[in-house]
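*Asks:* Order-wise, the sequence lines are chains W and U.
Read in UniProt numbering, the first sequence has 384 at position 384, and its numbers run on one by one without any break.
Read in UniProt numbering, the second sequence has 206 at position 206, and its numbers run on one by one without any break.
C-beta atoms are modelled at their ideal positions from N, C-alpha and C, and glycine is treated no differently.
Computed from a prediction, not measured in an experiment: that's the story for all the values here.
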Amino acid sequence: GQIISPVMELKMFLLVLGLLVGTGSPDMGSSQGKCSESLVQGPQTQENRTHTTHSKKPFPVLSFGYDYVRLPFEISLWVLLASLMKLGFHLMPRLSSIVPESCLLIVVGLLVGGLIKLVGEAPPVLESNIFFLYLLPPIILDAGYFLPIRQFTENLGTILMFAVVGTLWNAFFVGGLLYGVCQLEGHRLVTVDLLSCLLFGSIISAVDPVAVLAVFEEIHINELLHILVFGESLLNDAVTVVLYHLFEEFSSVGTITVTDVLLGIVCFLVVSLGGIVVGAIYGILAAFTSRFTSHTRVIEPLFVFLYSYMAYLSAEVFHLSGIMALIACGAVMRPYVEANISHKSHTTIKYFLKMWSSVSDTLIFIFLGVSTVAGPHEWNWIFVVATLIFCLVARVLGVVGLTFVINKFRIVKLTSKDQFIIAYGGLRGAIAFSLVYLLNTDHFPKRNMFLTAIITVIFFTVFVQGMTIRPLVDLLAVKKKQETKRSINEEIHTQFLDHLLTGIEDICGHYGHHHWKDKLNRFNKKYVKKCLIAGERSKEPQLIAFYHKMEMKQAIELVESGGGSKLPSAMPSTVSMQNIQPKKPPQDRALPQLSKAREEEIRKILRTNLQRTRQRLRSYNRHTLIADPYEDGWNEILIKRKKMKELEKKISQMNNYLTVPAPPPDSPTIARARLASDPQAWGLKSATESIPSIKVDLASPQSPESVNIVDEIGMKGSQPKVSEEGGGLTMKVPSPTKPRKDQTTDEDNDKEPQQRLMRCLSDPGPAAEEEDEDEPFLH
Amino acid sequence: MGSFQSLPDDHQYRTLSQKTGFSLEQIAILHNRFKQLSQNEETLWRDDLKTIQDLESNPIRSQIIEAFFDSRNFQKDGVGSVEEIGFEEFLTVMSYFRAPPQNITVEQREEMRRAKLRFLFNMHDTDNDGTITLEEYRHVVEELLSRSGALGRETAKGIADAAMLEVASISVGPMAPDEFYEGITFEHFLKILNGVEIEMRMHIHFLNMDATVLCK
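1) Between the stretch 53 to 66 of chain U and chain W, which residues of the former have CB atoms less than 9 Å from a CB of the latter, in chain order?
2) Please tell me whether W:Arg522 has its Cβ less than 8 Å away from any Cβ of chain U.
3) Shorter than 8 Å from the beta carbon of U:Met112 to some beta carbon of chain W?
4) In whole angstroms, what separates the C-alpha of U:Met202 from that of W:Ile281?
5) Check W:Ile265 in the structure and name its three-state DSSP category.
6) Using CA atoms only, rank isn't needed, just tell me which of W:Leu105, W:Val119, W:Ile106 and W:Pro123 is closest to W:Gly113.
7) Using C-beta distances below 6 Å, list every residue in its chain close to U:Ala168, excluding the 5 sequence neighbours before and after it, in chain order.
8) Report the residue from W:Val304, W:Ile227, W:Ile221 and W:Phe247 whose alpha carbon sits nearest the alpha carbon of W:Arg150.
9) Pull up the distance between the alpha-carbon of W:Leu91 and that of U:Val93, whole angstroms please.
10) If we count the other Cβ atoms within 10 Å of its Cβ and call it buried at 16 or more, is W:Glu316 buried or exposed?
11) Is the shortest distance between the beta-carbon of U:Arg33 and the beta-carbons of chain W less than 8 Å?
12) Which residues of chain W have a Cβ atom closer than 7 Å to the Cβ of U:Ile204, listed in chain order?
13) Taking 8 Å as the cut-off, decide whether the C-beta atoms of W:Gly426 and W:Val207 are in contact.
14) Grab me the residues of W:Met161's own chain with a C-beta within less than 7 Å of its C-beta, minus the 5 sequence neighbours each way, in chain order.
15) Residues of chain W with CB under 7 Å from U:Arg201, in chain order?
16) Could you give the distance in angstroms between the alpha-carbon of W:Ser248 and the alpha-carbon of W:Gly201?
17) Can you give me the start and stop residues for the alpha helix (DSSP H) that U:Val93 sits inside?
18) For U:Ile104 and chain W, any beta-carbon pair shorter than 8 Å?
19) Per DSSP, which one or two residues make a beta bridge with W:Lys480?
20) Under 8 Å by Cβ, that's how I've got W:Leu168 and W:Val239 pegged, so tell me the actual separation to the nearest angstrom.
21) Applying the criterion that 16 or more other CB atoms from any shown protein chain within 10 Å of the CB defines a buried residue, is W:Met355 buried or exposed?
22) The alpha helix (DSSP H) spanning W:Pro335 covers which residue range?
23) Would you verify that the beta carbon of W:Val412 is, or is not, closer than 8 Å to some beta carbon of chain U?
24) Output needed for W:Leu194: all residues of its chain with C-beta closer than 7 Å, excluding positions within five of it in sequence on either side, in chain order.
25) Answer with yes or no whether the minimum CB distance from W:Tyr527 to chain U is below 8 Å.
26) Give me the DSSP bridge partner(s) of U:Gly70.
27) For W:Val190, does the count of other Cβ atoms within 10 angstroms reach 16, so buried, or fall short, so exposed?
28) Which term fits W:Ser667, buried or exposed, when burial requires 16 or more other beta carbons within 10 angstroms of its beta carbon?
29) My guess is that W:Glu490 and U:Val196 are in contact by the Cβ rule of under 8 Å, so how many angstroms apart are they, rounded?
30) For U:Thr131, name the three-state secondary structure that DSSP assigns.
31) In this structure, how does DSSP classify W:Leu500 when only helix, strand and coil are distinguished?
32) Could you give the DSSP three-state label for U:Trp45: helix, strand or coil?
33) What do you get for W:Asn129, buried or exposed, if any count of 16 or more other CB atoms within 10 angstroms of its CB means buried?
34) Any beta carbon from chain W within less than 8 Å of U:Glu187's own beta carbon?
35) Under 9 Å Cβ-Cβ, which residues of chain U neighbour residue 812 of chain W?
36) What distance in whole Å lies between the Cβ atoms of W:Ile458 and W:Phe433, which are believed to be in contact at a cut-off of 8 Å?
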């Protein structure tokens, strides 16, 4: 890759900063900000805009109209800054391995904010509605769409316990104790009443999904802990929403009655279940829509995004939990949508989600930094320190207490190491900040103090906990994420186990967890899939879908690796079908048998030729984005591969020699011309053209066996050349045609002239033929 | 309680509890279920299990039922299958699905794991030759896919072949063309299922609650 020198990095950074500061007006911030523009002066713009002028001025050749593009320009500039920062940090590997990205971004935000303040402007503040409407949804959708459903549902009870009971505990503990501290403190804090404290407690007690994602993503912790903390951060949104509204509503009144509490509980159920239902409805709609998109593949990703966003917004209209709606929508639609959409759309969705959530995430942290500088602050040592301590204590007590109860019901118990990580991973983030920012200063005169306290807690959790969690994870030797690829054996046995456990439950007679899961699956297969998945794929059982996916992956890997003699790891060339097929007893024939070595050679040839037909596609240089061949082409390749395999099997059963003619190769120039014209469709064409047509003909009249393979090369009009030498035929393989566009290293292999395979002579003598035609045909 | 000659008494339960690890209440509940299935007789037949309605839709029904009548699972070093089983054997088979208790040593956990995997292995290795051959494995995959309609035996074969190749490559490594991989031995089976935490996943919640009233 390129190496950007630190000096150039700095220059870029300063340039962007300068631009930002220069234009620096708080358009994104509160409306009370000053609206001054240091660059744009009044008279000039007016002059350019008005038609009628009092005196004739010369026609303006070059004019300056900044106001016109102001808003999008500034937004783009901020996003650009965020992205450049992200870029910069990853170029400094030492720094990014010690400090998590979120910390660095906050620091950058602080710097930018400080610079803006220095210039005399008011730095923009993270507006709550921008945060909730534009910055938060992509992150949540990204999380929800790729949520590992299996682990999530297996641990749902635990997650709910932590999310609901844990958050309630935290809120009341922190709020109550803070109230006590305020009363004790005396003169400055005594005005803070109980409800305000409880409100503050409920805001600050919620674990923040953005912060958790940002930190946990980098430490690669094992899946159980990840899903526990992350699931908790998602599901506690409902609790936070209810508590927030409850306390906010009644803070003006001043008292809360028992009915209010009961209504609060009902409200909680409505908020959470309502959010989920709304999300599920939109998810089903999206799945249904995707059933019909086979002709307009280009807009498929759009449906996914739009329906999800609508789900979020619809939930927010009714003050339901938007986060839960978004999660439910993503999780519900995913299996059906993925069955319906094309591979390209899937990649697009994945990449757009990752991109948006990444940008959002970066912007949020930068703005947190800027907002810190912007203030307004009111620092009160006692309050802030008390908040911090109580938060930590509440979290630890909550986790320990809950785990004690939960472990009675879990099979896989949570160890104390797990508990520590869960407690330590309870980070607070921008959601809490925005919620406080939304508070009305009339009702909450101490809002600024709250703001300061929250920012302090956020900083503490993100910096201290975020930075130290990685070494702690290593120190405590917490299990890390296993990067193993799922093998087909595991898949088979997992499914087998599922059925087995369901069966045992049925024999036992009690309807456990497996029974209901099985029932749900059957319902899903019978009714739901038929509605929501287009065509034949609705009937495809999971095992077959998995197998096809694996084959597809292997085929793509094969192409990616350049189609050389290296096979993908899952199907090693070292063990072939021959090794596992039971040997047939040698048939009693008068004709000589092919030696095993020769059979293997034949097989190798066939396989290599199949590989060479998979030309290397130009792959875009993104991390995991692979070149997406035209979809139908892949099906063709897979079909051909199957045929090849069948051919191999038949050969292994044959005990006679074979003769194989083949078409002449395409000349390189023809190949190049063909490729250059249509980069997308050539994959399809070249595959069909370069696969050798193998007509296996047995010269001996005695053998009844003959194998014929469909001649796929027919179209280009190449004829099989048959040259007779001593009674046998040679098989000629077309030299592989690779795109010459960018790869020069492979040309040596490619330019090889026609390779001559072996000839098998119709020779009654068993020994004579062995050494004649053993030419090296490859390499 | 039914017309038993020998009423289950505490002593009998206690020995069973020691052998299988179930609690006394759980044994009582399972005994009730056993009686319900066997129509109050002392032994259980295959047909009794086949009457369970919920089992109808299970693709590997016959293999599950066979597992109950397979002497290898009775922990008495027997071989071959029997026609009828008593409560003790029923309970022994059920004990393979107990969750590992919390405070056991690593060796005990490993032992439990091996026992459970042995049970699974026996389910696949129907001819009891100690290896799962390609044919047996193909049979397994076919059964798994049997409820999914006629999607071709070829696909099932293809999947089984691919899986077998994978096992061979993981367990044995590179093989010369004329070597023959006999089948999956128990050791290989352990190896390929290393990633799946069997002792955690292969368990049923045996509640202390009498569930016979709930089921049909």
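*Replies:* Well, looking at it:
1) Gln53, Asp54, Leu55, Ser57, Asn58, Pro59, Ile60, Arg61, Gln63, Ile64 and Ile65
2) Stepping through the first sequence from its first residue, residue 522 of chain W is reached at position 522. It does: the Cβ of W:Arg522 has a partner Cβ on chain U nearer than 8 Å.
3) The residue labelled residue 112 of chain U in the question sits at position 112 within the second sequence. No, no contact with chain W.
4) The residue given as residue 202 of chain U occupies position 202 in the second sequence. The residue given as residue 281 of chain W occupies position 281 in the first sequence. Cα-Cα distance, rounded: 35 Å.
5) Locating residue 265 of chain W in the first sequence gives position 265, counting from the first residue. Correct three-state label for W:Ile265: helix.
6) Along the first sequence, one-based indexing puts residue 113 of chain W at 113. The residue with the shortest Cα to Cα distance from W:Gly113 is W:Pro123.
7) The residue labelled residue 168 of chain U in the question sits at position 168 within the second sequence. Excluding residues within five positions, the ones whose Cβ falls inside 6 Å are Tyr181.
8) Position 150 of the first sequence, counted from the first residue, corresponds to residue 150 of chain W. The candidate whose alpha carbon is nearest that of W:Arg150 is W:Ile227.
9) As a first step, residue 91 of chain W is located in the first sequence; it is residue number 91 there, counting from the start. As a first step, residue 93 of chain U is located in the second sequence; it is residue number 93 there, counting from the start. When rounded, the distance between both Cα atoms is 59 Å.
10) Taking the first sequence and counting its residues from 1, the one referred to as residue 316 of chain W is at position 316. W:Glu316 is buried by the Cβ-count criterion.
11) For the purposes of this step, residue 33 of chain U is taken as residue 33 along the second sequence, with counting starting at 1. Judged by the 8 Å Cβ criterion, U:Arg33 is in contact with chain W.
12) Taking the first residue of the second sequence as 1, we reach residue 204 of chain U at position 204. What U:Ile204 touches in chain W: Leu501, Ile504, Glu505, Cys508 and Gly512.
13) Locating residue 426 of chain W in the first sequence gives position 426, counting from the first residue. Locating residue 207 of chain W in the first sequence gives position 207, counting from the first residue. Yes, these two residues count as a Cβ contact at 8 Å.
14) For the purposes of this step, residue 161 of chain W is identified with residue 161 of the first sequence, where counting begins at 1. So the list reads Leu402 and Ile406, once near-sequence residues are dropped.
15) Indexing the second sequence from 1 puts residue 201 of chain U at position 201. Near U:Arg201 (Cβ distances below 7 Å), the residues of chain W are Leu497.
16) Residue 248 of chain W sits at position 248 when you count from the first residue of the first sequence. Residue 201 of chain W sits at position 201 when you count from the first residue of the first sequence. A small correction: the amino acid at residue 248 of chain W is Glu; Ser does not occupy that position in the sequence shown. W:Glu248 and W:Gly201 have their C-alpha atoms some 12 Å from each other.
17) Taking the second sequence and counting its residues from 1, one reaches residue 93 of chain U at position 93. Where U:Val93 is concerned, the enclosing alpha helix (DSSP H) stretches over Phe87 to Ser95.
18) As a working mapping, residue 104 of chain U is identified with position 104 in the second sequence. Chain W contact via Cβ: absent.
19) As a working note, residue 480 of chain W is residue 480 in the first sequence. According to DSSP, which records beta bridges pairwise, W:Lys480 is partnered with W:Ile221.
20) Here residue 168 of chain W is taken as the residue at index 168 of the first sequence, counted from 1. Here residue 239 of chain W is taken as the residue at index 239 of the first sequence, counted from 1. Indeed they touch by this definition, with Cβ atoms about 6 Å apart.
21) To locate residue 355 of chain W, count along the first sequence from 1; it is residue 355. By the neighbour-count rule (16 or more Cβ atoms within 10 Å), W:Met355 is not buried but exposed.
22) The count along the first sequence starts at 1 and reaches residue 335 of chain W at position 335. Counting along the chain, W:Pro335 sits inside the alpha helix (DSSP H) bounded by residues Gly322 to Asn340.
23) Residue numbering aside, residue 412 of chain W sits at position 412 when the first sequence is read from its first letter. Closer than 8 Å to the CB of W:Val412 there is at least one CB belonging to chain U.
24) Along the first sequence, read from residue 1 onward, the residue named residue 194 of chain W stands at position 194. Tyr179.
25) For the purposes of this step, residue 527 of chain W is taken as residue 527 along the first sequence, with counting starting at 1. Chain U contact via Cβ: absent.
26) For this step, residue 70 of chain U is matched to residue 70 along the second sequence. Reading off the sequence shown, one finds Asp at residue 70 of chain U, where the question assumed Gly. Note: U:Asp70 sits in a beta bridge opposite U:Ser81.
27) Your numbering for residue 190 of chain W matches position 190 in the first sequence. Per the 10 Å Cβ criterion, exposed.
28) Walking along the first sequence from the start, residue 667 of chain W turns up at place 667. Note that W:Ser667 scores 47 on pLDDT, short of 50, meaning its location in the model is unreliable; the coordinates nonetheless yield the value given after this. Result: exposed.
29) Mapped onto the first sequence, residue 490 of chain W falls at position 490. Mapped onto the second sequence, residue 196 of chain U falls at position 196. That belief holds up - the Cβ atoms of W:Glu490 and U:Val196 are roughly 6 Å apart, short of 8 Å.
30) Your numbering for residue 131 of chain U matches position 131 in the second sequence. Note: U:Thr131 maps to strand in three-state DSSP.
31) By 1-based counting over the first sequence, the position of residue 500 of chain W is 500. DSSP places W:Leu500 in helix when its eight states are reduced to three.
32) For the purposes of this step, residue 45 of chain U is taken as the residue at position 45 of the second sequence. Strand.
33) What you label residue 129 of chain W is simply residue 129 of the first sequence in a count that begins at 1. By the neighbour-count rule (16 or more Cβ atoms within 10 Å), W:Asn129 is not buried but exposed.
34) Reading the second sequence from its first residue, position 187 is the one you call residue 187 of chain U. No, because no Cβ of chain W sits closer than 8 Å to the Cβ of U:Glu187.
35) Residue 812 of chain W lies beyond the range of chain W shown here (1 to 779); nothing can be said about it.
36) Position 433 of the first sequence, counted from the first residue, corresponds to residue 433 of chain W. Position 458 of the first sequence, counted from the first residue, corresponds to residue 458 of chain W. With 8 Å as the limit, W:Phe433 and W:Ile458 qualify as a contact, their Cβ atoms being about 6 Å apart.
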